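In our numbering, the protein residues as written are 22 to 405. Idealized CB from N, CA, C, for every residue including glycine. Keep in mind that this is a model prediction, so the values were computed, not measured. This report refers to the structure that appears directly beneath it.
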Amino acid sequence: MRLPLHEPVFRGNEWRYLKECLDSGWVSTAGPFVGRFEEAVRAKLGARHAVAVVNGTSALHLALRAAGVRAGDEVLAPSLTFIATANAAVYLGALPRFVDCEEASLGMDPELLADHLRRKARLSGGACVHKETGRRIAACVPVHVFGHPAAMDRILEVCGRWRIPVVEDAAESLGSTFQGKAAGTFGLLGALSFNGNKIITTGGGGMVVTSDRRLADLVRHLATQAKADPATYLHDAVGYNYRLPSVNAALGCAQIEALDSFVEAKRRVAAWYRGALEDARGVSLLWEPAGRRSNFWLNTVLAESPSRARALMKTLAGRGVETRSPWRPCHLQGIFSPILSAGSLGVSERIWRTAFNLPSSANLAKKDVLEVGRLLAASRTRRG
């Protein structure tokens, strides 16, 4: 048995659209497939505007810049996330301040966020300012971890009270919803990723979605080197070469057509895992909280201890089953100085040490999922 953690599935119009793109000669950032892909994603999410870019990190970078983050600001972000979430703030000269996660979804804990702001923030001239540092708290970046939507209603309520723009890191959650609304469309802007391991892929790619036309225009402008007049090479700001090539967008056009089927397939995989682990002892499967519909990008097992997690991962590796620990929490990376936190980060540290991801591709066979579940449950089962 060989089961990778996640692999792309190509069974639609990928070859057809790629050939159309190559035959047209428009393989770079100009060409009709980029606009087609943006429109398809926009419509699928129910967003008003979408701008395709080269990857999820550039989407976060542009979204934070469009939201007004600048040097010297603070940006609230979860510690349990891929490092790109924090790096995007650092690119702009801002400092990330890390918030612990809630156990239900592994997303940012809204009550810890509220408590931190209540104790440490004040409103000044229409902006939220940290009482001790004097720095403006310019944005909050909740992440929908492993596809499970964060508690967006409460996060928006808290940030609205403190006038903090919300920028969603929805890199892992395309196809997920919170109370029926698409992940990535709650904040001022949202950032998506189409990396090779995501639920749909363009090989490498990302997108910024927003309901604000002015912000969408700004993101598009900055992503094309801020060209005020392309004919005369006049630039009116420091921009970036962040536009998505048409050949990648062509792949994306085919993949987005299959998104609904991918989500349903991955939800079936999750249900199979859940059933297989019902009688397991010492392990459980992270599940979607009520009102949140996950794409189950990566199924996640929670073990009773770090040693148990390591032993299970070793057992699975010996049978050809790839697993992965969560990201090392950002506050433990050592590259952020000073390390700023919004209180204890104990849940993030515990999840990092005791959780791991299981194979979650949309094309997994039920027999393989059940075998993984059997291996996980084999050493300890409930009696009776």
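- Ser305 sits in a strand when the DSSP states are folded into three classes.
- Only exposed fits Asn262, as fewer than 16 other CB atoms lie within 10 angstroms of its CB.
- If only complete runs of 3 or more residues are kept, the stretch 240-268 shows the beta strand (DSSP E) at 248-250, in order along the chain.
- If the five residues before and after Cys149 are omitted, its C-beta is found closer than 6 Å to the C-beta atoms of Ala142, Ile158, Trp183, Arg184 and Ile185, all from its own chain and listed in chain order.
- Note that the C-beta distance between Val268 and Leu39 is below 8 Å.
- Considering only Val55, Glu95 and Cys122, the residue with the shortest C-alpha distance to Cys42 is Val55.
- Arg345 places its beta carbon less than 8 Å from that of Leu26.
- A direct Cα-to-Cα measurement between Met22 and Gly341 gives close to 6 Å.
- Taking a cut-off of 8 Å on C-beta distances, the stretch 184-203 does not touch the stretch 250-259, as fewer than three cross pairs fall below it.
- Under the criterion of beta carbons closer than 8 Å, Ser381 and Trp318 qualify as touching, at roughly 7 Å.
- The beta carbon of Glu370 is closer than 8 Å to those of Pro350 and Leu353 in its chain, skipping five residues each way along the sequence.
- Minimum Cα-Cα distance from Arg241 among the listed residues Ala107, Pro29 and Arg264 corresponds to Arg264.
- For Leu24 and Ser328, the gap between their C-alpha atoms comes out near 23 Å.
- Residue range Thr321 to Ala324 is occupied by the beta strand (DSSP E) that includes Leu323.
- With respect to Glu278, Asn108 sits apart: the two C-beta atoms are not nearer than 8 Å.
- The residue among Glu178, Ala383, Ala363 and Ala68 with its C-alpha nearest the C-alpha of Asn316 is Ala383.
- If you draw a straight line from the Cα of Leu396 to the Cα of Phe377, it is about 15 Å long.
- Contact annotation, Cys180 with Val187: C-beta distance approximately 5 Å; criterion of less than 8 Å satisfied.
- One thing to note: Leu385 has its Cβ no nearer than 8 Å to the Cβ of His169.
- Excluding sequence positions up to five before and after Ala247, its CB lies within less than 7 Å of the CB of His256, Asp257, Ala258, Val259 and Gly260, all in the same chain and listed in chain order.
- Ranked by Cα distance from Thr106, the first of Ile372, Ala212 and Val393 is Ala212.
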